[in-house]
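Remarks on the structure that follows.
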Amino acid sequence: MAWWWYSVLPSAANLGPSPASITPPPACLPAYPPNPKWVLDQVPNLAASSGMGSRATDGERREDTKEKARHCQDPKEGGWRGWQSCLAPSQFPAKDGQILSPGSMAQGLIEVERKFVPGPGTEERLQELGGTLEHRVTFRDSYYDTPELSLMRADYWLRQREGSGWELKCPGAASVSGPHTEYTELTAEPSIVVQLCEVLGAVVPGAGGVAAVLGPLGLQLVASFVTKRSAWKLVLSGADGEERLLRVDLDTADFGYAVGEVEALVDKEAEVPAALEKIHHLSSLLGVLAQEKAPAKLIVYLQRFRPQDYQRLLEVYGSKEQP
């Protein structure tokens, strides 16, 4: 699946309570997945090793094993917010038209997304527009790195989501041309371990999942927070009369920051402009200002509770603006 990101900038008033008024959430270690997944080329064994069993659909297996190519903005363009977007496509706000391509997944869908800062009346407005609440869910995200942030400073992002397992976001090949940089997400634990060892200059162990190599690689908890999410869906008609299903996720982190996103799925890039038009329209109906942007929860967390780490990232990626 590919992603076309459109993110929006929050006003200072919408970023939640000030750092001085917030008690940082406890750094709780999450429960680890009981069994590591098989490597990606062992496709016939994936259903059993991931706990899906014989009842898993092809789509579920594909979701469990895929490595998604992502693109973000070139840090040489756009000043501070430009390189900020390139730090990680899911972390910092991106500019209009940021593309996340399907890579080798020729049959993948394209997700068109816009982030925004929700207000107290957003859910009521969604109901007025005919939206349906699909579910409410609570989960914990935990990010790991060395004390020196060796991973993040090299543009690698290691996350464990409670109930979903591990994910490592990796930068793409340096040979990628154009104003975008490719990112890949690894979700198979053996692949994650190999990549971590390569980045940190360590010997790949003979066995064991991500949890087993945290200590030997010097990886520790950097950020851990709980998110409460409400997922909505609604059908919106465009100027051409075509109806499209839109989804809206409203997230609230346990440190007082809220962020939402409007998204649509399309089959090909030619359909992206129409999807963007509908997303813009719905955003306007929700009261989102056209020029607003919303950073990801992790970045806001670091800025509030680990300002030295946040500044360290700014210094590293800011230096890349120089020719």
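In the UniProt record's numbering, the protein residues as written are 1 to 323.
C-beta atoms are modelled at their ideal positions from N, C-alpha and C, and glycine is treated no differently.
Cβ distance (whole Å) where residue 374 is taken to contact Val262 below 8 Å: Absent from the model: residue 374. The displayed extent of the chain is 1 to 323, so no value can be given.
Val316 by DSSP, collapsed to three states: which one? helix
Please report the distance separating the alpha-carbon of Asp309 from that of Gly256. 20 Å
Would you tell me roughly how many angstroms separate the C-alpha atoms of Gln311 and Ser237, rounded to the nearest one? As the crow flies, the alpha-carbon of Gln311 is around 44 Å from that of Ser237.
Looking at the structure shown, is Leu219 part of a helix, part of a strand, or coil, going by DSSP? coil
To test your reading of the DSSP string, which unbroken alpha helix (DSSP H) runs of 4 or more residues are found completely within the segment 132-197? 150-153
Sort Leu298, Phe305, Leu314 and Arg304 by Cα distance to Asp141 and report the nearest one. Leu298
DSSP three-state label for Lys297, please. helix
Please work out which residues of its chain come closer than 6 Å, Cβ to Cβ, to Leu87, disregarding the five sequence neighbours upstream and downstream, and give them in chain order. Legend: pLDDT at Leu87 = 35, less than 50; position of this residue unreliable, no value from coordinates given.
Hey, would you say Val272 sits closer than 8 Å to Val112, going by beta carbons? yes
Keeping to the same chain, check which residues put their C-beta closer than 8 Å to that of Leu29; ignore five residues upstream and five downstream. At Leu29 the pLDDT is 32, less than 50, meaning the model places this residue with poor confidence; the figure from the coordinates comes in the next sentence. Within the same chain, Leu29 has close Cβ partners Ser142, Leu221 and Ser224.
For Ala258, which residues from the same chain have a beta carbon less than 6 Å from its beta carbon, with the 5 sequence-adjacent residues on both sides left out? Pro118 and Thr252
For the alpha helix (DSSP H) that contains Leu286, what are its first and last residues? First-last for Leu286: undefined, no H or E at that position.
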